[in-house]
Every structure is written in C-alpha cells, then in structure tokens.
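Enquirer:
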Amino acid sequence: MAARRHTTTRRPVLAAAAAFLLPPNPVAAAERLAFDDLYSGWSVMGASFSPRLLALVGQEAALRGYMAPPLKAEADFFVLAREPMALCPFCSSDADWPVDIVVVYLRRQAQPTDPGTRIEVVGRVETGSWTDPDSGFVSQIRLRDARFRPL
Amino acid sequence: MRRSNLIQAFLPLAVLWSLPAGAQTIYPINRAEILAGAHFDLKVEFPGVVATDRLRVTVNGRPAADVFGRAPDYIEREDGQAASSVMLRDAALTAPGVYTVAASDGEHSASVTWEVYAAPTARRARNVILFVGDGMAVANVTAARILSRGIEQGRYRGTLAMDTLPQMAMVGTSGSDSIITDSANAAHAYNTGHKSAVNALGVYASRARDSLAHPRVETLGSIVQRDLGMAVGIVTNTEIQDATPAAVFAHTRRRADYLPITDQMLESGASVILGGGSASFLPQGTPGSRRRDGRNMIDAFRQQGYAFADAGESLASVAADPNTTKLLGLFNLGNMDTALDRFYLRQGTVSRFPNQPDLTEQTRAALQVLSRNPAGFFLMVESGLIDKANHPLDFERSVYDTILLDNSLKVALDWAGNRNDTMIIVVPDHTQGIGIYGVVDDSRPGEMRDRVGTYAEAGFPNYPAADARGYPPSVDVSRRLTAGYAAFPDYYETFRPHLEGQNVPAVQQGSGGPYVANPIYRDQPGAMLRLGNLPRDASTGVHTVDDGVLRATGPGSERFHGFIDNTLVFRAMAEALGLGR
Ligand SMILES: [Zn+2]
Numbered sequence: 035m036a037a038r039r040h041t042t043t044r045r046p047v048l049a050a051a052a053a054f055l056l057p058p059n060p061v062a063a064a065e066r067l068a069f070d071d072l073y074s075g076w077s078v079m080g081a082s083f084s085p086r087l088l089a090l091v092g093q094e095a096a097l098r099g100y101m102a103p104p105l106k107a108e109a110d111f112f113v114l115a116r117e118p119m120a121l122c123p124f125c126s127s128d129a130d131w132p133v134d135i136v137v138v139y140l141r142r143q144a145q146p147t148d149p150g151t152r153i154e155v156v157g158r159v160e161t162g163s164w165t166d167p168d169s170g171f172v173s174q175i176r177l178r179d180a181r182f183r184p185l
Numbered sequence: 080m081r082r083s084n085l086i087q088a089f090l091p092l093a094v095l096w097s098l099p100a101g102a103q104t105i106y107p108i109n110r111a112e113i114l115a116g117a118h119f120d121l122k123v124e125f126p127g128v129v130a131t132d133r134l135r136v137t138v139n140g141r142p143a144a145d146v147f148g149r150a151p152d153y154i155e156r157e158d159g160q161a162a163s164s165v166m167l168r169d170a171a172l173t174a175p176g177v178y179t180v181a182a183s184d185g186e187h188s189a190s191v192t193w194e195v196y197a198a199p200t201a202r203r204a205r206n207v208i209l210f211v212g213d214g215m216a217v218a219n220v221t222a223a224r225i226l227s228r229g230i231e232q233g234r235y236r237g238t239l240a241m242d243t244l245p246q247m248a249m250v251g252t253s254g255s256d257s258i259i260t261d262s263a264n265a266a267h268a269y270n271t272g273h274k275s276a277v278n279a280l281g282v283y284a285s286r287a288r289d290s291l292a293h294p295r296v297e298t299l300g301s302i303v304q305r306d307l308g309m310a311v312g313i314v315t316n317t318e319i320q321d322a323t324p325a326a327v328f329a330h331t332r333r334r335a336d337y338l339p340i341t342d343q344m345l346e347s348g349a350s351v352i353l354g355g356g357s358a359s360f361l362p363q364g365t366p367g368s369r370r371r372d373g374r375n376m377i378d379a380f381r382q383q384g385y386a387f388a389d390a391g392e393s394l395a396s397v398a399a400d401p402n403t404t405k406l407l408g409l410f411n412l413g414n415m416d417t418a419l420d421r422f423y424l425r426q427g428t429v430s431r432f433p434n435q436p437d438l439t440e441q442t443r444a445a446l447q448v449l450s451r452n453p454a455g456f457f458l459m460v461e462s463g464l465i466d467k468a469n470h471p472l473d474f475e476r477s478v479y480d481t482i483l484l485d486n487s488l489k490v491a492l493d494w495a496g497n498r499n500d501t502m503i504i505v506v507p508d509h510t511q512g513i514g515i516y517g518v519v520d521d522s523r524p525g526e527m528r529d530r531v532g533t534y535a536e537a538g539f540p541n542y543p544a545a546d547a548r549g550y551p552p553s554v555d556v557s558r559r560l561t562a563g564y565a566a567f568p569d570y571y572e573t574f575r576p577h578l579e580g581q582n583v584p585a586v587q588q589g590s591g592g593p594y595v596a597n598p599i600y601r602d603q604p605g606a607m608l609r610l611g612n613l614p615r616d617a618s619t620g621v622h623t624v625d626d627g628v629l630r631a632t633g634p635g636s637e638r639f640h641g642f643i644d645n646t647l648v649f650r651a652m653a654e655a656l657g658l659g660r
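As they're listed, the protein sequences go chains A and B. Start counting the first sequence at 35; every next residue gets the next number (the numbering used here). Start counting the second sequence at 80; every next residue gets the next number (the numbering used here).
In structure tokens, the structure reads:
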C-alpha cells in the first residue's frame, strides 16, 4: 500500500436523513440477497452473476453491508461493501477495491453512515458494466432508487 | 582563513544553490548517478515563460544539443501555464565522468552535477535475481526464524535460507522528496539507480500534470534486454500492476495508474510475468474488470506469443513445455492470498481462487522459462503481502509471508547451486516499525495485557513444529509472540492472531471524518483500545525510515557491505552485468 494520506475537507450535511431512511421493516416487500448470492462463479477470467441475482434484475432486493467512505457528503451515490472499508475508493486507486462491491443510487440524498455501521439497502437490481458519469467509478451491480437503514 | 573570507570564498556556489523560490529545476536531479548509456529524459523547468533566445542549457559548458546530438524540445507554456520547459527524451551519456548541467534564463542560473559511471570490470554475472520482501522489517525475519525453525534454550534449531547468504548491508531507503518512501519510489531506486518521490515509478516527479508525461529514466529490465539480449521476469503475489513489480518496467508519476501500467507491461518485452491482478486485463463488460475500455489484455499478450496460465497446475505444465519462452500467469482478479490464508485459515479470496500457486512455484516456473534464454536473465521476485499485512498490524500474516519469501529464495539458491554465475539479492524495499517484545500466555491470570510475559516471564512460544512447507500448521497457540507496531491508528489490540480474516484496525467515521478503532473487534475477549499515534486520517500503520537489511550472494555481491543507499542495489547489479562499458 502506498503512503496514502488523504485529507478531505468536505462539509458535513446538516439535514437530518431520517426522512429518507427506510421504515423499520422493509424486508417484507423485497427479497433479501446476501453478498455471497451475487456471483456464482469466480475465475481469473472474471466473475459470473448468479442466476438468483439475474432473476431479480429490475426488481427490488434488500442487501446488507457497509457503506464505504463516500465521495461526497451529499450522497445519493455510495458503494456498499461486504466488510467495513478502511479506504475511500475515490481517493485511493480503485485497484485496492474489492471486486464484489455494489453501487447504490439513493432515491434521495442522505447523510452517510459510519463505515463501521452495518446497513440494509433496498433498491432495484441492475447488472452490467456501468461508469458513473460524475466519479468515473465503474460498477457491475447496482441498486437503483434505493433506501437504506442502519441495522 | 577568517570567517568573512570563508563566506566570500563560497559565495558563488551559495548563489548558485540557494536560488530564489521558483528557480529552474533540472532533472535528473543533483548528485544523480547515471549508468553510462542508460536512457534518461533531460528536463529543465523554468519558473516563467522564457524566450528561446534567452534560454541556455549546457553540459560541462557545451550546449546540450551538441552533447546529446540533438536539440531538446522547447515547450513555451507547459500544460498551458506561464512557465517554459525544455525536454530531451531518451538522452544518454556514454562516457563516464562528472557532468555539470547548467540552465539559465538569461537572469538566473541553476546547475546540477551528475556522476556517469560504467562497470569497472567485464560482465561477471550471467543472471541476476532480486528478491524483495515488501515492508519487511528485522522483526519479520526474526519471527520467521522462530516460527519456521524453532528455538530452544536460546539457540535456533536452524537458520533461514537468507541467513546463509555471505554478504550483508544496511540499506537507506529515503527518496528525493521525503525521508519516508513508499514501495513505488523504493523499487524505482532498485530498478533505475535514481531516487525519486513517493508514488513515482521510472520517472522524476516534475511539475507535469499528466502522470505519464514526467521525465523518465530507464529501468534495468529495459537496459539488459536492449544491451545484452537478456530475458526479464517479474514475479509477485500482489497484483502485477502493484508498485514493486511495476517498477521493473513502468514509467508513471502515479503508481495507481493500473491501466496504463498494464499497457506498458505489454510493451516492456518482459518474458515472464506472474502474479495477481487480472482485473486490469479484462475488458470492461466482464464482471470483475477494472478496465475503462473494451480491450482484452490477456488476448493482447497471447497475440504477442505469451503462453497463459491461470492456476498452479497450468503454470507448472506451461512452464515445463520447452517451447515456452514467454509466459503470462495471472492467478487472482486482485491480490493473491497470504500463505497463512492459502494453507491454513482459508480466509481472504481462497475459496474463490483455490488453485493459486505458491510463490515458490511461481519462482520455479520463472526460472525454468527464463533459463531458456542463452543470454541470461534478470528476475525480480516479490513477496508483496508482507507489507500488506504489516499495514493493518497483522503480524502473523506478515511473518508467514516472510517465510514464503525465504522458501522462494531457497528455490533460487538451489537452482543456482554451484553455477557461480548468478547474483542473488534479498532485500526489503522499505521497513515498517515492529518489535517483538514478549510472549502472551493464555494460561496466565488477568486481562490480556497482564498475560504478556516480558524478559524471564516471556519464556518461549509453543508454536507447533513447522510442517514440510516450513510453516507452523497453527498460529492459534496458547503461548505466542507479541509484537508491537511503532505507528498505528486507533485500534483494538486483541493479543490474538486474526483467524477470521486480515485485520482491519480502523474505519473512517463519517464522510472525511477521522479513522476510529474498528468496532468489530471491541467485543473480542480481552480487546483493549489503543489510541493511535498517527494523524486521524491514517487508516493503517505506515512505513518507517529505519534501514532495511540486504543479503546477497554470487558474483558482484561483494559490493554489498556496511551502509548503502538503495540506488547502489541497481549499481551493483549493473556492475555485475558489466553494463555501461
Ligand atoms: Zn506499504
């Protein structure tokens, strides 16, 4: 790892995020996925989406994980990872970034949670390579129109 | 001489060196040591716009254009800024000696002095093998010896392979920008003989905005292919684009340029390339790819005649094929897994990539393929996960991968046998601050910290004897080494190995907020919060300035003794190969 020290001077969002959060039990409506369910095969030549994930494309699913340190405080876009992430993906090379992340596009902006807080995200499943126009971040799996709540 | 005279006597020199802020900067920098015939880019940066007729660059008093045989390019406004530069790409000086390069804009002048050197003797080494233990501190080596060989009544039951090498030196690793280096700049020094800046590979850190536009210096891998027809091999267990392997061929100011680095790898002509990091080879549409384009770089390598292996078995069979002279092996989308995870704990990505070869197998395959070149070879082998475990304060993983380095060195020593034509070096690129200060004993009463035995109470750990691979089959023992890191963020000290996966000591609190102790360890029995001594934006431990310990054997290795600068590693390899003559 490089001697990477990143100082960020981003303004915290003052607005409470509670209004954008999920109701206490959103799981009833959406099928619960786990990170282990996303890919069914791994090889040096790439990963393959699981049949379960592909069957949910266009539908709502719930996924639990950790929000990575976000690009900006006014987040409507963040990276959901299986484990808490020490690194900000946008300030380190995305080379140091695990492959099985999921990009989340929130229905409305929300204040980010601490990276050590486990959250549940519900959103519409989308698959395929896609480059975020603002950050240039490339993702393979996304949850669109998403909401989240801390667990 | 009276004081005033003394000052006067040095005044011209003082004027020359203590230039006003923003005076011209010359690359290569002052006191650069340059191998005769090696290519480098000469760049002079002026603080303002300078008309061509006022601008003067001389080498030992002669115009640069005369000395190098062609005129440097004049850039009136570099990157659109109000500042001129001159750049001469692929310059070379073939005659050894001292060169003073002066640059003037008509008002101010600046100068640097270079030493151009050649090997004092004809070629003595047919092959050179450079082993790099990334971030390997003395404590890593000591613990590797304890765990792998055992110790009884103060005497080790055996020595590591690296302990048997006859030459040893302390290595200074500082860069031109800072006393603390990173793996890019550190490996840059080994591969080019120049000192540069943190994050830089094969370039001086100039003011250019484009990370790929900085003044380049040639790598040993390039020189030995061009001058001697040697083969070049690059072996690691990190992503192959990571700093240490990339330094063998890459030229970028920014080590994170994985995609340009992958493209430069294809152009480098290296014969053997083995490691992780297939993510940067796969076309963008493939899940797991990090590319921003549709290029399939594995296919591109195949089209240039490389055989390809993606697992341990295929690596062995492809390398054994006598027709294989160019070999690409990629064994993980990202970094490969540590020896502790691959052999014992099955954590990390081992379940996804169960057939990753061991670094010893990669080393053996590389030697097999490279030795088919009658002109000899230069091979760099990195045990790169030592550093990647030391950063998150995961001592056990770093120690197992130090044993891994030693096992791989043993493969090379056995291969070299009595040939006496192969220079072998093993060295860290930089260190981390670690000390083994006791043995924690679970049978003692009290909190975990009270179970740490020091001095007489430490006694000896009870790791099981090493297996055939050289590792204790378990790190989860009741009396185990306790090591402390010099620099750390806030974290929970558990006094236990991280069996559940590599340690993540700290996580960021909020957007741009401080790194705080990772709460997932808070409830482990005996976990103790340690407040960090690093700035709060540090997520892990950091590199240290402490010298690294180099060991070496074979022709030319007698150059290594006492204290050396890291640039001397390059110079000694170049001299053993008779370069520059
Ligand atoms: Zn490091």
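Each residue gets a CB set at the ideal place from its N, CA and C atoms; glycine is no exception.
Is it right to say ARG511/B is buried, meaning 16 or more other beta carbons lie within 10 angstroms of its own, or is it exposed?
Expert: It should be pointed out that residue 511/B corresponds to Gln in this sequence rather than to Arg. By the neighbour-count rule (16 or more Cβ atoms within 10 Å), GLN511/B is buried.
Enquirer: Hey, would you say TYR564/B sits closer than 8 Å to GLY605/B, going by beta carbons?
Expert: Contact: no.
Enquirer: Just to confirm before moving on: does the CB-CB distance between MET309/B and MET502/B stay below 8 Å?
Expert: Their beta carbons are not under 8 Å apart, which means MET309/B does not touch MET502/B by this criterion.
Enquirer: When you compare the CB of GLN383/B with every CB in chain A, is at least one pair closer than 8 Å?
Expert: Chain A contact via Cβ: absent.
Enquirer: Since THR315/B and GLY463/B should fall inside the 8 Å C-beta cutoff, what is the C-beta to C-beta distance between them, to a whole number of angstroms?
Expert: Rounded, the Cβ-Cβ distance is 5 Å, consistent with contact.
Enquirer: Confirm the yes/no value for this check: CB of SER262/B, any heavy atom of ligand 1, distance under 7 Å.
Expert: Yes; taking the cut-off as 7 Å, the Cβ of SER262/B has a heavy atom of ligand 1 nearer than that.
Enquirer: State the Cα-Cα distance for the pair GLY300/B and HIS330/B, rounded to the nearest angstrom.
Expert: Between GLY300/B and HIS330/B, the C-alpha separation is close to 12 Å.
Enquirer: Among VAL217/B, ALA182/B, LEU394/B and TYR153/B, which one has its Cα closest to the Cα of PHE474/B?
Expert: It is VAL217/B.
Enquirer: To the nearest angstrom, how far is the alpha carbon of VAL583/B from that of ALA617/B?
Expert: One C-alpha to the other measures close to 12 Å.
Enquirer: Express the C-alpha separation of GLN426/B and ASP416/B in angstroms, rounding to a whole number.
Expert: If I take the Cα positions, the gap works out to 8 Å.
Enquirer: Between the Cα of ALA667/B and the Cα atoms of THR442/B, TYR516/B and HIS577/B, which residue gives the shortest distance?
Expert: Outside the shown range of chain B, which is 80 to 660, sits residue 667/B, and nothing can be said about it.
Enquirer: Under 8 Å, Cβ to Cβ, is there at least one residue of chain B near ARG178/A?
Expert: It does not; no Cβ of chain B falls within 8 Å.
Enquirer: Would you say ARG234/B faces chain A, with C-beta separation under 8 Å as the test?
Expert: Cβ-Cβ to chain A under 8 Å: no for ARG234/B.
Enquirer: Would you say the beta carbon of GLY214/B is closer than 7 Å to some non-hydrogen atom of ligand 1?
Expert: Indeed, a heavy atom of ligand 1 lies less than 7 Å from the Cβ.
Enquirer: Strictly below 9 Å CB to CB, what residues from chain B border GLU117/A?
Expert: Under the 9 Å cutoff, chain B gives GLY580, VAL583 and ILE599.
Enquirer: How far does the alpha helix (DSSP H) with ILE482/B in it extend, from its first residue to its last?
Expert: Taken as a continuous stretch (DSSP letters only), the alpha helix (DSSP H) holding ILE482/B covers 474-495.
Enquirer: When burial is assigned at 16 or more other CB atoms within 10 Å of the CB, is TYR534/B buried or exposed?
Expert: TYR534/B is exposed by the Cβ-count criterion.
Enquirer: Hey, MET247/B and PHE639/B: beta-carbon distance below 8 Å or not?
Expert: For MET247/B and PHE639/B, yes; Cβs fall inside 8 Å.
Enquirer: Mind listing the chain A neighbours of ALA170/B? Cutoff is C-beta to C-beta under 8 Å, in chain order.
Expert: The premise fails here: ALA170/B is roughly 29 Å from chain A at the closest Cβ pair, so nothing lies under 8 Å.
Enquirer: To the nearest angstrom, how far is it from the Cα of ALA358/B to the Cα of VAL133/A?
Expert: Rounded to the nearest angstrom, the two C-alpha atoms are 8 Å apart.
Enquirer: Measure from the C-beta of PRO184/A to each C-beta in chain B and report whether the shortest distance is under 8 Å.
Expert: Not closer than 8 Å to any Cβ of chain B, the Cβ of PRO184/A fails to qualify, so no.
Enquirer: Any heavy atom of ligand 1 closer than 7 Å to the beta-carbon of ASP625/B?
Expert: No, Cβ of ASP625/B sits at least 7 Å from all heavy atoms of ligand 1.
Enquirer: Taking all protein chains shown into account, decide if LEU185/A is buried (16 or more other Cβ within 10 angstroms of its Cβ) or exposed.
Expert: Exposed is the call here.
Enquirer: Which residues in the same chain as ASN645/B place their Cβ atom closer than 6 Å to its Cβ, once the five residues preceding and following it in sequence are excluded?
Expert: If we look at ASN645/B and ignore the five residues flanking it on each side, its Cβ neighbours are VAL250, THR252 and ALA268.
Enquirer: Leaving out five residues before and five after VAL61/A in sequence, what residues of the same chain have Cβ atoms less than 6 Å from its Cβ?
Expert: Any reading at VAL61/A needs caution, since the residue's pLDDT is 49, under 50, leaving its predicted position unreliable; the model's value is listed next. Once the five neighbours on either side are set aside, the close Cβ partners of VAL61/A are ALA96.
Enquirer: In whole angstroms, what separates the C-alpha of MET376/B from that of GLN343/B?
Expert: MET376/B and GLN343/B: Cα-Cα distance of roughly 11 Å.
Enquirer: At a CB distance below 7 Å, what residues from the region 137-154 of chain A approach chain B? Give them in sequence order.
Expert: Under the 7 Å Cβ criterion, the region 137-154 of chain A contributes PRO146, ASP148, PRO149 and GLY150.
Enquirer: Taking Cβ positions only, does VAL191/B come closer than 8 Å to chain A?
Expert: It does not: the Cβ of VAL191/B has no partner Cβ on chain A nearer than 8 Å.
Enquirer: Going along chain B in order, which residues have a C-beta closer than 8 Å to the C-beta of VAL91/A?
Expert: Here the premise fails: no neighbours, minimum Cβ distance about 13 Å.
Enquirer: Do the region 370-387 of chain B and the region 406-414 of chain B meet, that is, are 3 or more Cβ pairs less than 8 Å apart?
Expert: Because the criterion of three Cβ pairs below 8 Å is met, the region 370-387 of chain B and the region 406-414 of chain B touch.
Enquirer: Throw me the rounded Cβ distance for the ALA444/B and ALA395/B pair, which I believe falls under 8 Å.
Expert: Right, the Cβ-Cβ distance comes to about 7 Å (below 8 Å), so this counts as a contact.
Enquirer: Skipping 5 residues on each side, what residues in its chain have a beta carbon closer than 6 Å to that of THR32/B?
Expert: Nothing can be reported for residue 32/B: it is not among the residues displayed for chain B, which extend from 80 to 660.
Enquirer: Under 7 Å from any heavy atom of ligand 1, does the C-beta of HIS267/B make it?
Expert: No, Cβ of HIS267/B sits at least 7 Å from all heavy atoms of ligand 1.
Enquirer: Keeping to the same chain, check which residues put their C-beta closer than 6 Å to that of PRO507/B; ignore five residues upstream and five downstream.
Expert: If we look at PRO507/B and ignore the five residues flanking it on each side, its Cβ neighbours are GLY212, MET215 and GLY627.
Enquirer: Can you round the beta-carbon distance between ARG152/A and ASP179/A to whole angstroms, since I take them to be within the 8 Å contact cut?
Expert: Not a contact, Cβ separation roughly 22 Å.
Enquirer: For PRO339/B, would you say it is in contact with chain A, using Cβ-to-Cβ distances shorter than 8 Å as the test?
Expert: No, its Cβ sits nowhere closer than 8 Å to a Cβ of chain A.
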